[in-house]
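In what follows, a structure is listed as structure tokens, so that the remarks can point back to it.
In full-length UniProt numbering, the protein residues as written are 1 to 285.
Pasting the structure below:
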């Protein structure tokens with residue numbers, strides 16, 4: 001069904017373009033965009049099940065369900081926003097697979113958008129952070145983690161190159177990306193503190209506020225965890241905010257003005273759809 005595939009591609013490109021625009025302009029990915037994405041994707045997949053292959057439809061919905069489960073966990077722990085969750089689910093339903101690819105399209109989107117985001121954020125924030133002065137004690141754990149990743153990536157890519165799974169040019173490009181990623185991992189906590197951490201009065205909390213849990217004292221963590229029954233939750237919704245007001249806590253550290261991720265998703269979608277053969281070896285990575 002080539003016409004159906006073209007429709008899917010067009011829908012994903014259009015939807016992610018709109019999401020990118022609204023995310024940049026307002027910091028939001030609206031439900032009036034993501035819910036139609038999910039609905040259209042579901043209808044297209046049901047159509048495939050009725051007129052082509054029912055097992056494909058089961059597979060498509062299984063992938064979307066897995067995407068929702070993983071993304072909701074990331075949302076619950078404050079890693080991504082609620083709009084991002086619905087955007088990823090919508091993408092996974094609208095375009096489950098690329099032709100001649102055995103892995104879900106959404107995996108490619110996450111992989112490529114993460115590469116673009118890490119490179120861009122590292123290039124932008126790491127020099128600015130160094131210019132303000134690096135707190136090495138604060139970043140001690142991040143530097144240790146980055147060192148472990150550096151050893152792993154060096155051994156892994158050396159093995160792939162020796163086995164001739166990767167060409168030297170591709171290894172060189174990946175090396176640049178990996179260096180950017182390692183720098184960002186090493187100094188991420190300091191970057192978060194320097195550029196995104198804000199002390200906000202409880203009365204000025206917004207819905208889906210991300211509390212900076214790693215900048216709370218142990219006493220604050222214990223008090224909040226016990227009073228709010230958080231169970232690892234780091235995004236505070238209306239019910240948590242109301243409970244906070246009753247606890248008479250004046251203010252808490254939160255993350256504000258975090259980088260918008262939808263533009264990176266849109267860029268990834270463009271690259272993948274324009275150059276699908278470039279990712280033929282994605283399964284090896």
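Built from N, CA and C at the ideal position, the CB exists for glycine as well.
Remember, it's a predicted structure, so these values are computed and weren't measured experimentally.
Drop a sphere of 10 angstroms on the beta-carbon of residue i, count the other beta-carbons inside from all chains shown, and report buried for 16 or more, exposed for fewer.
i	result
residue 277	exposed
residue 8	buried
residue 284	Bear in mind that the predicted position of residue 284 carries a pLDDT of just 48, short of 50, making it unreliable; the figure below should be weighed with that in mind. Exposed: under 16 other Cβ atoms inside 10 Å.
residue 3	exposed
residue 96	buried
residue 47	exposed
residue 26	exposed
residue 185	buried
residue 55	exposed
residue 64	buried
residue 264	buried
residue 14	exposed
Among the options, which one has its Cα closest to the Cα of residue i?
i	options	result
residue 39	161, 90, 133, 192	90
residue 136	261, 157, 188	188
residue 86	29, 130, 44	29
residue 237	122, 37, 77, 43	77
residue 220	123, 195, 248	248
Can you name the start and end residues of the beta strand (DSSP E) that residue i belongs to?
i	result
residue 201	197-201
residue 252	251-255
residue 211	209-211
Could you pull the start and end residues of the alpha helix (DSSP H) that residue i belongs to?
i	result
residue 6	2-26
residue 269	262-274
residue 77	Careful: residue 77 lies outside any alpha helix (DSSP H) and carries neither H nor E.
residue 229	Segment: none, residue 229 is in no alpha helix (DSSP H) and carries neither H nor E.
residue 36	31-51
residue 246	238-246
residue 329	As displayed, the chain neither begins before 1 nor continues past 285, which places residue 329 out of reach and without an answer.
residue 156	140-162
Would the beta-carbon of residue i fall within 8 Å of that of residue j?
i	j	result
residue 243	residue 227	yes
residue 138	residue 82	no
residue 271	residue 112	yes
residue 70	residue 269	no
residue 251	residue 201	yes
residue 254	residue 207	no
residue 198	residue 256	yes
residue 104	residue 5	no
residue 157	residue 171	yes
residue 94	residue 49	no
residue 72	residue 235	no
residue 80	residue 196	no
Next item on the list: Say whether the stretch 174-183 touches the stretch 118-125, bearing in mind that this needs 3 or more beta-carbon pairs closer than 8 Å, one atom from each stretch.
Entry: yes
Notebook entry, point to check: Are three or more beta carbon pairs between the stretch 49-66 and the stretch 203-218 nearer than 8 Å?
Noted result: no
Note to self: Could you check whether the stretch 7-22 touches the stretch 256-270, counting it as contact only if at least three pairs of C-beta atoms, one from each stretch, sit closer than 8 Å?
What the structure shows: yes
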